[in-house]
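Novice: When we follow the numbering used here, the leftmost residue of the sequence shown carries the number 79, and every step to the right adds one.
From the three backbone atoms N, C-alpha and C, an ideal C-beta is built for every residue, glycine too.
Structure incoming, see below.
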Amino acid sequence: MKPGIHPSYGPVVFRDRAADYAFLTRSTMTSDKTIDWEDGNTYPVVDVEISNVSHPFYTGTARVLDTAGRVERFERRYGTRGAR
79 MKPGIHPSYG PVVFRDRAAD YAFLTRSTMT SDKTIDWEDG NTYPVVDVEI
129 SNVSHPFYTG TARVLDTAGR VERFERRYGT RGAR
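As structure tokens, this is what we get:
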């Protein structure tokens with residue numbers, strides 16, 4: 079790797095404000111805001127809108143679309159294929 083052209087890679091806390099959940103990982107993202115972590119160190123914190131804790135797919139609250147009902151409604155409205 080060429081020196082001097084890559085962003086710094088270090089520990090960052092990502093905080094999901096919707097679920098009041100935070101996790102420490104490594105990233106190239108930076109922030110002016112900091113947080114005192116459980117280990118006593120201070121890390122930059124990045125606020126995110128959604129994470130695996132608050133995303134409907136992972137929490138099991140995802141809506142399932144009624145695709146069968148949509149197909150039946152389309153066929154009632156426009157007829158089935160080959161009916162003519």
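Could you compute how far the alpha carbon of Arg93 sits from the alpha carbon of Tyr87?
Specialist: 18 Å
Novice: Determine whether the Cβ of Asp117 lies closer than 8 Å to any Cβ atom of chain D.
Specialist: This model lacks chain D altogether; it includes just one protein chain.
Novice: Could you pull out every residue in the same chain whose Cβ sits closer than 8 Å to the Cβ of Arg104, ignoring the five residues on either side in sequence?
Specialist: Here the set comprises Tyr87, Gly88, Pro89, Val90.
Novice: I'd like the list of long-range same chain contacts for Tyr99, defined as Cβ closer than 6 Å, with 5 residues on each side in sequence excluded.
Specialist: Sequence-distant Cβ neighbours of Tyr99 in its own chain, meaning closer than 6 Å and more than five residues away, are Val131.
Novice: Is the beta carbon of Thr108 less than 8 Å from the beta carbon of Pro122?
Specialist: yes
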